[in-house]
Each structure stands twice: as C-alpha cells, then as structure tokens.
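2 protein chains.
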Amino acid sequence: MGLFEKHSTLLNQAIDALHKRTFFAAYPEHPAPAVYGETADADGQAAFKTALGKKFELLKQADPVAWIGVEESPYTQEPLGITYPAFSIDTLISRAQSAYHVWRKVSAQDRTGILIESLERVRVRFFEIAYATMHTTGQGYMMAFQASGPHAADRALEAIAAGYEELQRFPSATLWDKPMGKFNIQLNKEWRAVPKGISLVIGCSTFPTWNTVPGLYASLVTGNPVIVKPHPGAVLPIALVVAEIQQVLSEQNLDPNICQLAVDSYDKTITKELAEHPSVKLIDFTGNSAFGSYLEGLQGKAVFTEKTGVNSVILDSVADADKVASNLAFSLSLYSGQMCTAPQNFYIPESGIKTASGTVSFDEFAQKLVDNINSLADNPKAGPFVLGAIQNKNTCTRVADAEKIPGKVWVKSRAIENPMFKNARVNTPILVEVDAAKKEVFSKELFGPIALLIKTKDTDHSIALAQEMAIHHGAISCGAYTTDSAVREKIADAMALAATPVSFNLVGGIYMNQNAGFSDFHVTGGNPSGNASFTNPEYVVKRFTWVGHREPVAAG
Amino acid sequence: MGLFEKHSTLLNQAIDALHKRTFFAAYPEHPAPAVYGETADADGQAAFKTALGKKFELLKQADPVAWIGVEESPYTQEPLGITYPAFSIDTLISRAQSAYHVWRKVSAQDRTGILIESLERVRVRFFEIAYATMHTTGQGYMMAFQASGPHAADRALEAIAAGYEELQRFPSATLWDKPMGKFNIQLNKEWRAVPKGISLVIGCSTFPTWNTVPGLYASLVTGNPVIVKPHPGAVLPIALVVAEIQQVLSEQNLDPNICQLAVDSYDKTITKELAEHPSVKLIDFTGNSAFGSYLEGLQGKAVFTEKTGVNSVILDSVADADKVASNLAFSLSLYSGQMCTAPQNFYIPESGIKTASGTVSFDEFAQKLVDNINSLADNPKAGPFVLGAIQNKNTCTRVADAEKIPGKVWVKSRAIENPMFKNARVNTPILVEVDAAKKEVFSKELFGPIALLIKTKDTDHSIALAQEMAIHHGAISCGAYTTDSAVREKIADAMALAATPVSFNLVGGIYMNQNAGFSDFHVTGGNPSGNASFTNPEYVVKRFTWVGHREPVAAG
Numbered sequence: 002m003g004l005f006e007k008h009s010t011l012l013n014q015a016i017d018a019l020h021k022r023t024f025f026a027a028y029p030e031h032p033a034p035a036v037y038g039e040t041a042d043a044d045g046q047a048a049f050k051t052a053l054g055k056k057f058e059l060l061k062q063a064d065p066v067a068w069i070g071v072e073e074s075p076y077t078q079e080p081l082g083i084t085y086p087a088f089s090i091d092t093l094i095s096r097a098q099s100a101y102h103v104w105r106k107v108s109a110q111d112r113t114g115i116l117i118e119s120l121e122r123v124r125v126r127f128f129e130i131a132y133a134t135m136h137t138t139g140q141g142y143m144m145a146f147q148a149s150g151p152h153a154a155d156r157a158l159e160a161i162a163a164g165y166e167e168l169q170r171f172p173s174a175t176l177w178d179k180p181m182g183k184f185n186i187q188l189n190k191e192w193r194a195v196p197k198g199i200s201l202v203i204g205c206s207t208f209p210t211w212n213t214v215p216g217l218y219a220s221l222v223t224g225n226p227v228i229v230k231p232h233p234g235a236v237l238p239i240a241l242v243v244a245e246i247q248q249v250l251s252e253q254n255l256d257p258n259i260c261q262l263a264v265d266s267y268d269k270t271i272t273k274e275l276a277e278h279p280s281v282k283l284i285d286f287t288g289n290s291a292f293g294s295y296l297e298g299l300q301g302k303a304v305f306t307e308k309t310g311v312n313s314v315i316l317d318s319v320a321d322a323d324k325v326a327s328n329l330a331f332s333l334s335l336y337s338g339q340m341c342t343a344p345q346n347f348y349i350p351e352s353g354i355k356t357a358s359g360t361v362s363f364d365e366f367a368q369k370l371v372d373n374i375n376s377l378a379d380n381p382k383a384g385p386f387v388l389g390a391i392q393n394k395n396t397c398t399r400v401a402d403a404e405k406i407p408g409k410v411w412v413k414s415r416a417i418e419n420p421m422f423k424n425a426r427v428n429t430p431i432l433v434e435v436d437a438a439k440k441e442v443f444s445k446e447l448f449g450p451i452a453l454l455i456k457t458k459d460t461d462h463s464i465a466l467a468q469e470m471a472i473h474h475g476a477i478s479c480g481a482y483t484t485d486s487a488v489r490e491k492i493a494d495a496m497a498l499a500a501t502p503v504s505f506n507l508v509g510g511i512y513m514n515q516n517a518g519f520s521d522f523h524v525t526g527g528n529p530s531g532n533a534s535f536t537n538p539e540y541v542v543k544r545f546t547w548v549g550h551r552e553p554v555a556a557g
Numbered sequence: 002m003g004l005f006e007k008h009s010t011l012l013n014q015a016i017d018a019l020h021k022r023t024f025f026a027a028y029p030e031h032p033a034p035a036v037y038g039e040t041a042d043a044d045g046q047a048a049f050k051t052a053l054g055k056k057f058e059l060l061k062q063a064d065p066v067a068w069i070g071v072e073e074s075p076y077t078q079e080p081l082g083i084t085y086p087a088f089s090i091d092t093l094i095s096r097a098q099s100a101y102h103v104w105r106k107v108s109a110q111d112r113t114g115i116l117i118e119s120l121e122r123v124r125v126r127f128f129e130i131a132y133a134t135m136h137t138t139g140q141g142y143m144m145a146f147q148a149s150g151p152h153a154a155d156r157a158l159e160a161i162a163a164g165y166e167e168l169q170r171f172p173s174a175t176l177w178d179k180p181m182g183k184f185n186i187q188l189n190k191e192w193r194a195v196p197k198g199i200s201l202v203i204g205c206s207t208f209p210t211w212n213t214v215p216g217l218y219a220s221l222v223t224g225n226p227v228i229v230k231p232h233p234g235a236v237l238p239i240a241l242v243v244a245e246i247q248q249v250l251s252e253q254n255l256d257p258n259i260c261q262l263a264v265d266s267y268d269k270t271i272t273k274e275l276a277e278h279p280s281v282k283l284i285d286f287t288g289n290s291a292f293g294s295y296l297e298g299l300q301g302k303a304v305f306t307e308k309t310g311v312n313s314v315i316l317d318s319v320a321d322a323d324k325v326a327s328n329l330a331f332s333l334s335l336y337s338g339q340m341c342t343a344p345q346n347f348y349i350p351e352s353g354i355k356t357a358s359g360t361v362s363f364d365e366f367a368q369k370l371v372d373n374i375n376s377l378a379d380n381p382k383a384g385p386f387v388l389g390a391i392q393n394k395n396t397c398t399r400v401a402d403a404e405k406i407p408g409k410v411w412v413k414s415r416a417i418e419n420p421m422f423k424n425a426r427v428n429t430p431i432l433v434e435v436d437a438a439k440k441e442v443f444s445k446e447l448f449g450p451i452a453l454l455i456k457t458k459d460t461d462h463s464i465a466l467a468q469e470m471a472i473h474h475g476a477i478s479c480g481a482y483t484t485d486s487a488v489r490e491k492i493a494d495a496m497a498l499a500a501t502p503v504s505f506n507l508v509g510g511i512y513m514n515q516n517a518g519f520s521d522f523h524v525t526g527g528n529p530s531g532n533a534s535f536t537n538p539e540y541v542v543k544r545f546t547w548v549g550h551r552e553p554v555a556a557g
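Residue numbers (my numbering), protein chains in the order written: chain A, 2 to 557; chain H, 2 to 557.
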C-alpha cells in the first residue's frame, strides 16, 4: 500500500473538516501517556538533553561549509550548544532548483502521502520537540507541547488538505466537444498545476514550528521545493520536523533537498539574500512589520506574511465581571503576552461596565484585573507554567520602559520564581492606564506582557478606536464583552470591516489567544497584521499556476 | 419569485461547467435570427445609429460636471459624437463608498440574482453592443458580436459563478463542539465574507466589454462597488452594460452607484488618480505592460492585470503543411493581429519542417504563409471582415516601421478595400524573417498585424526561445506543431514552466487566438503577461476576506 492510500482516510477527514469548520483535531492535544505512550515524555526529554552541546546530524544535506548555532534557553539563560550545518546561498538555491524538477513531477497524491507520513513521524517526536520549544521560545511545557506538537501538526495537515483539494479542483484531462451545427469541434484538453518555484519559509522565535509548518507544507504539497530559514534563536524544533521530512523523502528515493534547512546567526543573516534571489518565487514570513512589509514589496514573488498587530478588547456589558477579569488576566499572562493573538488595548467606557448586578466602574474593573493577574502569578501551581519565560531580552527592556508610559501604572511587572529553573527570565504583566487621546502610545504593538487600559467616552468610542487600530496598525484577534445584541452586531460589523475576528463574551477555559486548526482562520489577510491566512484557499492557490494545453481529437 | 431563484438553474449549470471544463455556453455565439429574433440585428444597428452625436442618457448617475466623449470609428475615421456624463474623483469615490455599505449587506444570493438578470438584459442589446464595438475597436462584425456579446456574457457569468461558489465555501454559522474529557467547550461560530472595498476596473480599446466584464462581475458578486473606467476610445459598448446593471439595481431599490461609469478623455486622464486613491482596494486592468506593472506595484491593493506578451508558434513536424499555413495565416489576420492571443514569433528549424510527404523547407513554409495571407486578404467575401480595421493610428505606424526590421520582408502590409466602409483603416499582415540571434527585435510585443519568422538551429532551440520569451516578456498563447509525442511533451512541459497554454496542431476552423469561457483559463497569471486569470479561484478569492467571530453557546 502506498503512502497516499495509507493516509487517505485522514486526508478526507481533514478536507471535510476544512469545509464544515466544526471541531476536528488529528493529533490529540493532551500529552496523555495513554495516547502517546507511557515513556514518551521521558524519552523526549532524554532525547532533547542528548542533543545539547552536539552537532545536529539528522539532516541529509551533504557537505556543509560550517556548523553554527546560537540558541540559548530562556529558562537557564545558557547556550544550548547545538550546531547545525550551514551552506552557501548558491548551494541552497542550486540544490532547491534541482529538487524542483524532481518534486514537481511527483503526483499530487504521492506528495500528499509523503507529507502526511512525515507528520506521523513528527508525532513520535512531539515530546522532544516540546522540550526543544520550551528551551528556545520560553513557552511553558503544556503550550510548548500543544503548539509545537499536535496543534502545529493539525495546521500542517490543514495546509496539506487545502492544497490537495485545490490541486484536484480541475480535471487533468477532458474532451471539449463543441456543436457547430453540421459538425462538432472536438479538442482534448489537459490542465497542469505548475508549482511556482523555490519557496522560502522564514520562521520566528516564539512559535518556531506552529508558524512555519503551514507555509512549509502548503508549498510542498503544491510541488514547490522549500528552504526553511528558522530564527537563529529557535532552530531545534523545526530542524526536527525538517529531518523527518527528509527521512521520508529519502525512503521514497527522492532528493532530500526538496526540503532544506538553512540556518544562520545574528551576526551574519542570510534572509535578505535568499528572499531577493530571483529563483525564489514564494516567501512565507512571520515576524516584525518592517521586514514583513519589505518582503511584501519584492516584485515577482508571492509573499505570505504574518506581522504585528494591536489587539483590542472592547468592554461594554458583562454577565459577571469577575469571570471576565479572570479570563482576561489569563489571556494577558499566557506565555507572557508573547502570542500574536494576546490582547493589548482594553477599552472601558468612563461610565464603567454594565453588569447584571449594577455597573462596575473603570477603576473597579482595573482592580479586578490587577487582582487576577497577581493571584495567577502567585499561584505556584499555575503562575510559572502559564507565564513561561521571556524569549528575547529586548522584551524585558520594553516591559521596563512601559512604566514610563504617561498614565497610572495599575500593576508593575515583577519577577516570580520558577521552581524548576532558578535562572528563568520571567516577567509578570504590567498594566497601565492610558488616556484615549494619547493614540501615539497605544497605536503600536508593545510585544510582551504589557497591557493598556484605555478610558473611552462610551462603547461607540471604544469600537471606533478598536476598528481604527486594526485598519491602520493591524489586529489578529479581538475580544468583546456585551450582553446587548445590537451592540454585539455593531462590534461584529465594525471589526469585520477591519478584517479582525472577534471572540465574544469568553469566560472559563477558553481564551481569545487560542485559534483552532480546521475552524479558526489565523490572521485574515485583510489588515496590516498580515496578508495571508491559515488556511484559506488563497493561501494555497497562489503557490501554483493552472496551465491548460489543448489539441484536436483528430489532428491533421 | 426572486431573481436568485429565477436564475438558479443557469447558475448551477455555470458552476458545474467551471469544474468540468467541457463545452458550455450560456449565450449562443451565432447571431442567428432564430435565436436572437428576426429584427434584432436591424434594431441593434438602428439603436447604435440613433445614439450617434447625442448625450448618452441611459446611466443613473446624477449631476455630472460635464459631458465628454472622444470616440471615433476605425471604419469611418470620424467621431461618433457621443458624450457621457463626467464626475469629479471625489464624487465617484464618495458615491462608491456609500454604495459599498449598501451592496455589502445584500446577500450573496441576491447579488448573484441581480447580476445574472443584468446579463439577461444585456443579451437584448447584443447587436447594439456589436455595432458599438465595431465602431470603436475596428473589429469585424462577427467578432464584435461574439466577443462583446455572448462570449463576454459567458465570461461574466463564469466570474459570477466562481465568486458565488467561493462565497458558499464556508458555513455562515456552525456549532464548534470540543470534547475536553469531563465536559465540552461549545462555541457558536460564524463567518463573514467581507468585500475588500471600492473596485476600479480599467478597460482597453480593443476588447471593451470582453476584457472588462470579468473583473466587473467578479468584484460585484463578492460585494464590492465598482467604478468602470473605460478606454476613452471605446466607451459605448461597456456603457451599455453599465446602464443595464444600473437599471436592474434601481428596480431592486438599490443605489445604482454600486456600479458607476467614469469616462475621461486623452487630454485629461483620471486613471492614476483613481488607482492611487486610498479607498480603492481592487484594481483590474487590461493594457500595456508599463502601466500594468505600475499598478501592480501599488501597495495595499489587490491588482489584477492582463498586460502584453510575446506569443510564439513552434513548428517541428506536421501532417499537412498547407493546412497549417492556412490556419496560421488566419490567426495572424484575425482582427489584424490586435488580439492579445495572436501569434507573433514563428520558430522554424533551418532544416525545415518534417511532414508526412517529406520536409518542407523554411523558405517553402514562409512562402505558404505569404500565399495564405494574400489569398485571405484578397478574398472579398472574407478578407475585409476577418481583418477588420486598425483601432489605433499608432499601430499603422508600427506596421510601417516593421519594414525596417533587419531581415527579409516576405510580404509587406498593404491596404485592402472594405466594401462597406471606404475610409476603413486597414492593414494586412507584414511578415519579416529575423535572425534568431537578434533577440532584441523579437523579444517584445509588436502589437498589430506584424509577424516574424525566426530560423532556429532545431526544435530544441525553438522551444528554448519560446520559453525564454514567455518567462521574461510574457505570453498569453502558444501554438505548436509536432507529430512526435516526445517533442510534444517537451513543449508541453517547457511552456507549462513558462505558464503559457499551448494549442497543439490546430488546423481547420479553430485558432490559437480563441479562448472559450468555462474551459480555457485566459492568461495564467504565471508570467509577465499578467498576474490574473479568467476565471480561476484566485481571481475571486482575493476580492474579499473571510472573518470569523465566535461566542460560547452559554455565555456567562
């Protein structure tokens, strides 16, 4: 049985889920021993520890010019000491070009089978990838497992399914039979889905697999060779994924350079040179807006970006203010606000928030948020694991600088102790009240555990500000709390026009930061926070070109 | 019965045809009295004549600042004398912005019903539009009828069907029910297809409806208001279409400014100002490469272009050289080479073309082409009607200059008499032999009745040149003649990589210039001849954004 047949049931489930958008997950998100094996966690941790301080030799890319690696753990603040093979731009491009003419001739079915098989292999390494993710991104263990493991694999499968479906959209051949009255004109027609060419996928430091695999698998399933250029600070998690892809390719007697890893270091980055290379036709990027916009401006390439945004929470009326404050404090704290979906700007009317038991004033709600932030941080069984660690030292500087924002500091950021890692780089959220007139303060992303409380004239003012921020500065998520159906529709419409999805009235164990594969489009592509969406049809159709040839049935 | 129900059978047929790509045409291409009515032709001609020299008062756009119009007939070389209402940029934009918030709230079903109804109204005017097209573009009567009437309406229906299908792709609402072990998280989710905003559709002088209606209807069906900016030299055909759209909108009590006509003149063009306006989010353009590339470079807009290309014919081996020469001479002559799909560069090996009855030398085949060009031009029942007239005087200059191309002029362009229009601007094709080393001569589009014969070392050389031209300078069509299946696949693969569709071994009554709606993608979007394709999924999905909102089933 071939790999396509082996995985066709899963593929069909995934395609069905893409359309229905009801709950679907191919890879269980809980690291349960019953699912992943009794020793899976311990084995994964051991494998991670074994990798430290050594060459990463799982890749099938021959003849490196050097071995490089600069990762360090936000938990220990020490180098991982892992080095990866490095190659010249010419080598990377020429290998990709050769691989292109191999891979594009592999059928869509075979490509799909190979790629799903690679996810099954990655599944076996979920725990190893989880520890690699913790010690490069600073994510807590549970997030590291879920985001880099099952959730990333689901997003990859989603991209494969979307690509496969588009490749099947038109017939490979048909008879075109046109009645002309006394005779028919008959043409044999055929259509080829021609992959665009070399695909460059640029990773980020905070979600090194989750944000990389959608573009990686979308390009591969549509027949393009891929060069993965990870962030220098977060290589290992995606290196393990690339190694598994190369392994399956090799087993199928295909060139492993169909998917290459291209590692660089902070002092000698290769991203621009790769991106500007005329043979690179596709670019996926997650990261800062300036570089993303530069990439979007490159001519002759299809570019898919996820950049920065200013995420808002609109507070109008609530059933239970305490539940809301608890939910939002968790959203703020989760991975220390280092998620692209984390809330930043909280708009509260100066008259307060209407509740079933009377109005909660601006100050009262601010205090509830403070109390919830503190009680979460100070809960030793939750705080350190929810907050994780700060990936980049610059984020700590930004948090410190936030105290200088003009306005009342409701709670300062502070360090808490992580019981497992004494040197962990930890900052609890800082909460600052900002005047609604001071747009220059809150109209930019303040990446990290920084939240702003903005006192507005009324909910219409809140909506207008949230919409304006999203349209002009981008937004990836939005939270809104209202018990009034007319206000709800006003928010839904205003934010839809700003291409921003709204989570209404979330309380309990679901947060605006969370996006589910096969159901929630991630980034809409319709505002400055990015031009692409996981995984809508545009995300895959732009990676290949339909070309149709034709010939008379009886030529001559 | 609503308009959607009225037209749902046709819509479903169109969607089915889009997928199967077998023959489908909603609007019969032959101007048969039995189909369109005994007096339809005479009535259409009379309506056209009545319009001459008057204000065009069928539009529902109030308070013009001026009445302008500069069209002249290539057949009479006299002004049509028709003037159209003109508006300030501010008026056009502010009316479109108001209309946006009306049109986006009309359901996809209702929009689809309204738009198909408008095509049914346009159908009644096919003959009037045909005469308007003849006397603006110079097309012969049959082409003017077919291209501007039924073929354009089919392309419009194709865009409506493709857009409607994409709008139905995801559910408007669903229950997301995630098992968490002891409980389920249940979210009500909804998705909105949010139109991007004001759409500007820029027409060309040679196919004023055929090249305009796909973008026009694709933008409208996906909820965007449209400003149609026709070429100043070819307004009337598309003005009649816009008038019918406005009529149906008015009957439905909708703002007719959902689709506006924005006429300008050569001495005061408004295209750039409209295109650069920040409220314009979508741009469709057919025309020259320089302006098209400028538009593609505008940031923050989705731009769909059809620009220029260098179309090749690769001659390797044929069953019957005379039939091939006859077919290609017709392709060259049809509308005097003013089709974007017309062949320009003919690559013939120096060793000649292999045939069933021996080799036909380069010179022998060149002479066959000359003989066929002449016999078609000199056939009074065919020549004038196939050639039509030259739309733009500059094309005549280009044809005259072509005699100076270094190489043997196999046949010069000449004027022939059109029996119905003594003043018609007519040029038969010029055929020049060019050295294969002189790439600077044949690596650009020579718009009009100009063809080049290029002597190559062998067929591999021919293929390499055709591919190079397409990759670097664009190509919209390619002809190829070979009786060798290995050579056929070599050509099919090489031109697929250059994103150029190939017509193999066409003889008889079908020509490489012709593209059928619902089957042949027009322009692939994969080479410099344009970045868009009629009508592939990308052509419609980029016109709106999917935005999903969600809320717990039991909030609070």
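Note that CB positions come from ideal geometry on N, CA and C, so glycine has one too.
Compute the distance between the beta-carbons of residue i and residue j, then report whether it is under 8 Å.
i: Val524 (chain H); j: Lys324 (chain H); result: no
i: Ile431 (chain A); j: Ser414 (chain A); result: yes
i: Tyr85 (chain H); j: Leu262 (chain H); result: yes
i: Ile46 (chain A); j: Phe128 (chain A); result: For clarity, residue 46 (chain A) is Gln in the given sequence; the question names Ile instead. In this structure, Phe128 (chain A) lies closer than 8 Å to Gln46 (chain A) by Cβ.
i: Leu283 (chain H); j: Arg544 (chain H); result: yes
i: Ala560 (chain H); j: Leu168 (chain H); result: Past the boundaries of the shown model lies residue 560 (chain H); chain H is included only from 2 to 557, so the question cannot be answered.
i: Cys260 (chain H); j: Val227 (chain H); result: yes
i: Pro553 (chain A); j: Gln187 (chain A); result: yes
Could you give the DSSP three-state label for residue i: helix, strand or coil?
i: Val541 (chain H); result: helix
i: His523 (chain H); result: strand
i: Val103 (chain A); result: helix
i: Lys7 (chain A); result: helix
i: Ile431 (chain A); result: strand
i: Tyr348 (chain H); result: strand
i: Asp372 (chain A); result: helix
i: Thr396 (chain A); result: helix
i: Leu447 (chain H); result: coil
i: Val412 (chain H); result: strand
Give me whichever residues DSSP pairs with residue i in a beta bridge.
i: Asp285 (chain A); result: A:Val202, A:Phe305
i: Asp178 (chain A); result: A:Gln187
i: Val195 (chain H); result: H:Thr546
Cβ-based contacts, 9 Å cut-off: residues of the region 154-179 of chain A near chain H: Glu167, Arg170, Phe171, Pro172, Thr175, Leu176, Trp177, Asp178, Lys179
Give, in chain order, every unbroken run of the beta strand (DSSP E) that is at least 3 residues long and sits entirely within the region 200-283 of chain A. 227-230, 260-262
Could you give the uninterrupted runs of the alpha helix (DSSP H) lying entirely in the region 455-540 of chain H, keeping only those of 4 residues or more? 460-474, 486-498
So if I threshold CB-CB distances at 8 Å, which residues from the region 97-124 of chain H count as touching chain A? none
Quick one: which residues of the region 536-557 of chain A get their C-beta closer than 7 Å to a C-beta of chain H? List them in chain order. Asn537, Pro538, Glu539, Val542, Lys543, Thr546, Trp547, Val548, Gly549, His550, Arg551, Glu552, Pro553, Ala556, Gly557
Listed in chain order, which residues of the region 494-524 of chain H have Cβ atoms closer than 8 Å to some Cβ of chain A? Met496, Ala497, Leu498, Ala500, Thr501, Pro502, Val503, Ser504, Phe505, Asn506, Leu507, Val508, Gly509, Gly510, Ile511, Ala517, Ser520, Asp521, Phe522
Identify each residue in the region 20-52 of chain H for which the Cβ-Cβ distance to at least one residue of chain A is less than 9 Å, and report them in chain order. His20, Lys21, Arg22, Thr23, Phe24, Ala26, His31
In chain order, each beta strand (DSSP E) run of at least 3 residues that lies wholly inside the region 14-92 of chain H: 67-69, 85-87
Threshold first: 4 residues or longer. Then list the alpha helix (DSSP H) segments lying entirely within the region 154-178 of chain H, N to C. none
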